[in-house]
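These protein sequence lines are chains G and F, in that order. If you read the first sequence in my numbering, its first letter stands for residue 2, the second for the next number, and so on. If you read the second sequence in my numbering, its first letter stands for residue 2, the second for the next number, and so on. Here a beta-carbon is modelled for each residue, glycine too, at the ideal position from N, C-alpha and C. Predicted model only: the values in this text are computed from it and were never measured.
There are 2 protein chains.
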Amino acid sequence: MDRVRDPHPDETRGPVEFRQLSYFIAVAETGSISAASRRVHVAQPALTRQVRLLEEDLGTRLLERHARGVSLTVAGQALFEEAVQLLDRRTQIRTRLTSLGQGLIGKVSLGVTVTHLWVPEVANLLRRYRDRYPRVAFEVFPLLSGPQLERLREGSLDAGILYLDSADQPGLETRLLQHDHLMLAVPEASPWASAPPNCLSVLKEADFVWGFRSVSPVYYDRVMAHFQRLGFEPRVVQYGADNITILSMVAAGLGIAIVPSASSAHPMPGIRFLHLEELAACDMPLWLAWRSSNDAPALHNLIGLVEEVFG
Amino acid sequence: MDRVRDPHPDETRGPVEFRQLSYFIAVAETGSISAASRRVHVAQPALTRQVRLLEEDLGTRLLERHARGVSLTVAGQALFEEAVQLLDRRTQIRTRLTSLGQGLIGKVSLGVTVTHLWVPEVANLLRRYRDRYPRVAFEVFPLLSGPQLERLREGSLDAGILYLDSADQPGLETRLLQHDHLMLAVPEASPWASAPPNCLSVLKEADFVWGFRSVSPVYYDRVMAHFQRLGFEPRVVQYGADNITILSMVAAGLGIAIVPSASSAHPMPGIRFLHLEELAACDMPLWLAWRSSNDAPALHNLIGLVEEVFG
DNA sequence: CTCTATCCATATCAATCCGGCATGTCAGCA
DNA sequence: TGCTGACATGCCGGATTGATATGGATAGAG
Numbered sequence: 002m003d004r005v006r007d008p009h010p011d012e013t014r015g016p017v018e019f020r021q022l023s024y025f026i027a028v029a030e031t032g033s034i035s036a037a038s039r040r041v042h043v044a045q046p047a048l049t050r051q052v053r054l055l056e057e058d059l060g061t062r063l064l065e066r067h068a069r070g071v072s073l074t075v076a077g078q079a080l081f082e083e084a085v086q087l088l089d090r091r092t093q094i095r096t097r098l099t100s101l102g103q104g105l106i107g108k109v110s111l112g113v114t115v116t117h118l119w120v121p122e123v124a125n126l127l128r129r130y131r132d133r134y135p136r137v138a139f140e141v142f143p144l145l146s147g148p149q150l151e152r153l154r155e156g157s158l159d160a161g162i163l164y165l166d167s168a169d170q171p172g173l174e175t176r177l178l179q180h181d182h183l184m185l186a187v188p189e190a191s192p193w194a195s196a197p198p199n200c201l202s203v204l205k206e207a208d209f210v211w212g213f214r215s216v217s218p219v220y221y222d223r224v225m226a227h228f229q230r231l232g233f234e235p236r237v238v239q240y241g242a243d244n245i246t247i248l249s250m251v252a253a254g255l256g257i258a259i260v261p262s263a264s265s266a267h268p269m270p271g272i273r274f275l276h277l278e279e280l281a282a283c284d285m286p287l288w289l290a291w292r293s294s295n296d297a298p299a300l301h302n303l304i305g306l307v308e309e310v311f312g
Numbered sequence: 002m003d004r005v006r007d008p009h010p011d012e013t014r015g016p017v018e019f020r021q022l023s024y025f026i027a028v029a030e031t032g033s034i035s036a037a038s039r040r041v042h043v044a045q046p047a048l049t050r051q052v053r054l055l056e057e058d059l060g061t062r063l064l065e066r067h068a069r070g071v072s073l074t075v076a077g078q079a080l081f082e083e084a085v086q087l088l089d090r091r092t093q094i095r096t097r098l099t100s101l102g103q104g105l106i107g108k109v110s111l112g113v114t115v116t117h118l119w120v121p122e123v124a125n126l127l128r129r130y131r132d133r134y135p136r137v138a139f140e141v142f143p144l145l146s147g148p149q150l151e152r153l154r155e156g157s158l159d160a161g162i163l164y165l166d167s168a169d170q171p172g173l174e175t176r177l178l179q180h181d182h183l184m185l186a187v188p189e190a191s192p193w194a195s196a197p198p199n200c201l202s203v204l205k206e207a208d209f210v211w212g213f214r215s216v217s218p219v220y221y222d223r224v225m226a227h228f229q230r231l232g233f234e235p236r237v238v239q240y241g242a243d244n245i246t247i248l249s250m251v252a253a254g255l256g257i258a259i260v261p262s263a264s265s266a267h268p269m270p271g272i273r274f275l276h277l278e279e280l281a282a283c284d285m286p287l288w289l290a291w292r293s294s295n296d297a298p299a300l301h302n303l304i305g306l307v308e309e310v311f312g
């Protein structure tokens with residue numbers, strides 16, 4: 002296998018290097034090889050040679066050599082304009098990629114359960130990310146855990162703040178954010194508000210507002226498993242689509258509800274959040290998750306900020 | 002004067018060479034450094050190093066290295082698209098400049114006196130140039146000698162076929178095309194047509210159609226100088242703006258006219274061209290002229306074709 | 001489970017490329 | 001006619017690039 006002349010007409014044959022173009026621009030702008038050599042801090046013979054190489058590669062004279070400097074031929078003028086554009090383009094690409102590599106530009110989408118949008122740490126995270134990386138297109142989607150997981154897997158979501166049934170998700174990386182637990186939400190006007198129950202069994206006959214399993218299976222199953230362990234079965238009188246709906250029903254006095262502690266992050270009119278040992282014992286870990294194959298620096302900056310915000 | 006680190010932030014600092022981009026494209030398209038090395042006919046370690054250099058220059062990882070090939074990071078994908086465009090651009094520039102250098106593309110404007118558009122050699126020249134260099138924007142302007150000279154000097158005309166009072170024009174190059182002389186144009190219906198005059202003195206009492214000096218001083222002065230030498234002064238009864246107008250007046254029977262021999266190149270209805278020794282003795286050299294500083298290959302191709310057409 | 005094939009990374013050497021220095025040549029100018 | 005400024009040429013040293021040899025890690029086959 003000897004080294005023959007490349008038989009197939011590769012599109013990238015022949016020099017015309019950036020350096021030559023840059024030199025040529027200097028020559029064109031100064032109108033003199035010597036002056037250009039001073040400008041680019043390169044000896045004059047080097048420029049003479051590079052320009053000549055350029056002329057040979059293109060098969061065209063680019064300069065008219067006079068006793069006092071040089072002038073451009075028509076081909077030289079054409080090349081000059083093109084060369085300026087080409088070099089500009091290169092620096093654009095360099096800065097663009099450098100920024101991209103540092104996560105200063107790009108795109109990140111983050112899913113957050115509506116409930117946790119109100120948690121101070123999360124709100125803090127969003128605000129600080131926007132402040133620190135203003136040029137990144139940062140999209141926040143209010144989504145339940147299930148859809149988040151789906152969209153993370155299919156790649157339409159870069160990261161998610163959600164409940165998981167396990168820290169070990171194939172194809173995903175996870176990081177524990179905090180431990181939620183459960184609380185009791187009661188109407189402010191109800192007897193429970195003035196006389197808080199101290200154990201779950203007291204609530205045997207209470208009217209409960211409950212969620213659908215299909216909406217958020219991970220959360221639902223976890224809660225139900227806990228209740229089975231406790232041997233408690235709530236008497237459900239009303240169902241609500243999501244946590245916000247459920248809470249509004251509680252506020253309306255339709256019943257009481259079991260909700261994630263995150264819900265109490267901001268006060269809601271007409272609702273009192275009550276602490277119960279048996280509910281607080283239900284550990285509800287909140288996770289950050291992202292595709293392990295996703296290496297976008299903008300995403301990892303977000304993850305880094307999570308480290309800052311959630312110690 | 003020692004070699005310190007370049008203190009001023011030159012815009013063309015840092016590599017990112019065409020070669021590296023070309024290698025990177027091969028890697029991206031094959032999804033493997035080894036496969037790419039076979040495609041570009043370069044050893045694998047060389048590619049490994051060039052890609053790494055690219056990554057260092059840009060400060061960004063471009064590839065994810067797996068046991069079986071590599072995959073692009075988001076930055077890598079961005080660079081891939083940019084690199085393809087940049088390399089395409091370079092080859093475009095190369096072909097464009099090569100073509101330009103060979104005069105296969107570009108722009109040429111040629112002035113021709115209306116009279117000489119009908120001369121077979123000139124028509125031939127125009128046709129052959131268009132045939133041989135179809136991609137050149139070739140513009141032919143019907144202009145008298147005076148305006149041609151003006152526009153040649155100011156640069157809005159690349160070449161001209163015209164009369165000159167001297168072959169020696171500052172800033173212009175000239176080439177003799179052919180020797181015109183003068184002829185007599187008479188109405189076909191006139192007595193002169195059936196009984197041609199054999200000397201100028203016979204025409205002493207004839208009605209002449211004449212041109213304005215201001216329209217084409219070079220031509221006019223030359224003719225007048227000749228007539229002064231002959232001691233002949235025509236009796237002018239009518240003036241015409243240009244040669245075509247004059248000839249149409251002759252055809253209409255308004256008088257007879259002295260015209261360049263080139264006018265007889267194509268027959269005109271109602272006109273008879275007559276040869277007279279005294280008129281043929283007036284040498285009217287026809288020139289090709291162009292700016293000596295004009296190095297456009299497309300122009301010199303035209304000049305070369307002139308050499309072919311006019312021996 | 002081990003063995004092998006494949007692919008990427010590293011080290012070293014040789015060739016080539018590029019820039020610097022010294023020098024030559026030519027045109028314009030006093 | 002000598003002088004100056006500008007481009008061209010020859011030669012040398014240093015840097016860059018590619019080739020060869022080799023190591024390490026992983027996926028697939030038996």
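### Message
Given this structure, state the Cα-to-Cα distance separating alanine 297 of chain F from leucine 289 of chain F, to the nearest angstrom.
### Response
16 Å
### Query
What is the rounded straight-line gap between the Cα of alanine 266 of chain G and the Cα of threonine 74 of chain F?
38 Å
### Task
Spatial neighbours of proline 198 of chain F within its chain, please: CB distance less than 8 Å, with the 5 preceding and 5 following residues excluded, ordered by chain position.
Leu185, Leu204, Leu275 and Leu277
### Task
Could you tell me whether the Cβ of leucine 54 of chain G comes closer than 8 Å to any Cβ of chain F?
no
### Interface flag, arginine 292 of chain G vs chain F, CB-CB below 8 Å
no
### Which residues DSSP lists as bridging alanine 340 of chain G, in chain order
The structure shown does not extend to residue 340 of chain G, since chain G is modelled only from 2 to 312, so the question has no answer here.
### Message
Considering only the alpha carbon of each residue, which of G:Leu54, G:Ala47, G:Ile245 and G:Ser195 lies closest to tryptophan 211 of chain G?
### Response
G:Ile245
### Query
Which whole runs of the alpha helix (DSSP H) in the segment 76-154 of chain F are 4 residues long or more, in chain order?
115-118 and 121-133
### Task
May I have the straight-line CA-CA distance separating glycine 107 of chain G from methionine 285 of chain G, to the nearest angstrom?
33 Å
### Query
Got a sec, what are the start and stop residues for the alpha helix (DSSP H) leucine 25 of chain F sits in?
The sequence shown places phenylalanine at residue 25 of chain F, not leucine. Run containing phenylalanine 25 of chain F: 19-31, per the alpha helix (DSSP H) assignment.
### Message
Rounding to the nearest angstrom, what Cα-Cα distance links glutamine 86 of chain F and threonine 92 of chain F in this structure?
### Response
10 Å
### Task
Pick out whichever of F:Val237, F:Asp181, F:Ser215 and F:Met225 has its Cα sitting closest to the Cα of aspartate 208 of chain F.
F:Val237
### Alpha-carbon to alpha-carbon, proline 268 of chain F and glutamate 155 of chain F
36 Å
### Query
What span of residues does the alpha helix (DSSP H) with glutamate 189 of chain G cover, start to end?
Premise fails: glutamate 189 of chain G is in no alpha helix (DSSP H) and is neither H nor E.
#### Entry: Minimum C-alpha distance to isoleucine 247 of chain G - residue among G:Phe233, G:Ile272, G:Glu234 and G:His227
G:Ile272
### Task
State the DSSP-derived secondary structure class of leucine 303 of chain G, mapped to helix, strand or coil.
helix
### Query
Along chain G, which residues have their Cβ under 7 Å away from the Cβ of alanine 76 of chain F?
Leu98, Leu101 and Gly102
### Message
Extract the residue ranges of the alpha helix (DSSP H) inside the segment 207-270 of chain F, only unbroken runs of 4 or more that lie entirely within it.
### Response
218-231 and 244-252
### Message
Can you check which of these residues, F:Glu279, F:Leu127 and F:Glu151, is closest to serine 202 of chain F by C-alpha distance?
### Response
F:Glu279
#### Entry: Among G:Pro135, G:Val115 and G:Glu122, the one whose alpha carbon lies nearest that of glycine 147 of chain G
G:Val115
### Task
Spell out the partners DSSP gives histidine 180 of chain F in its beta bridges.
F:Pro286
#### Entry: Buried/exposed call for histidine 9 of chain G, threshold 16 Cβ in 10 Å
The predicted model places histidine 9 of chain G with a pLDDT of 35, which falls under 50 and marks its position as unreliable; any figure quoted below should be read in that light. By the neighbour-count rule (16 or more Cβ atoms within 10 Å), histidine 9 of chain G is not buried but exposed.
### Message
My assumption, with CB atoms under 8 Å, is that glycine 112 of chain G sits in contact with glycine 161 of chain G. Please give the rounded CB distance.
### Response
4 Å
### Task
Have a look at leucine 158 of chain G and leucine 303 of chain G and give me their C-alpha separation to the nearest angstrom.
13 Å
### Query
I think valine 251 of chain F touches proline 188 of chain F, with their Cβ atoms under 8 Å apart; what is that distance to the nearest whole Å?
6 Å
### Query
Which residues in the same chain have their Cβ closer than 8 Å to the Cβ of arginine 131 of chain F, if we skip the five residues on either side of it in sequence?
Phe139
### Message
To be precise: take each residue of the segment 148-172 of chain F, compare its Cβ to all Cβ atoms of chain G, and keep it if any distance is under 8 Å. Which residues remain?
### Response
none
### Message
Which same chain residues end up closer than 6 Å to serine 100 of chain G when comparing Cβ atoms and leaving out the 5 residues on each side of it in sequence?
### Response
Ile106
### Query
Which value, in whole angstroms, describes the spacing of the CA atoms of arginine 50 of chain F and glutamine 78 of chain F?
19 Å
### Task
Please confirm if aspartate 7 of chain G has its CB atom under 8 Å from at least one CB of chain F.
Below a pLDDT of 50, predicted positions are generally treated as unreliable, and aspartate 7 of chain G, at 35, falls in that range; no measurement from the model is reported.
#### Entry: Start-to-end residues for the beta strand (DSSP E) that takes in alanine 160 of chain G
160-164
### Message
Between the alpha carbons of histidine 42 of chain G and glutamate 122 of chain F, how many angstroms are there, rounded?
### Response
55 Å
### Task
Starting from the beta carbon of alanine 37 of chain G, find every residue of chain F whose beta carbon is closer than 7 Å, and list them in chain order.
Those do not exist, as alanine 37 of chain G stays about 13 Å from chain F at its closest Cβ, beyond 7 Å.
### Query
Looking at C-alpha atoms only, which residue of G:Asp89, G:Cys283, G:Asn125 and G:Glu308 is the closest neighbour of glutamine 229 of chain G?
G:Cys283
### Task
For isoleucine 272 of chain G, write down the residues that DSSP places opposite it in a beta bridge.
G:Pro188
### Query
Counting only beta-carbon atoms, is leucine 48 of chain F nearer than 8 Å to chain G?
no
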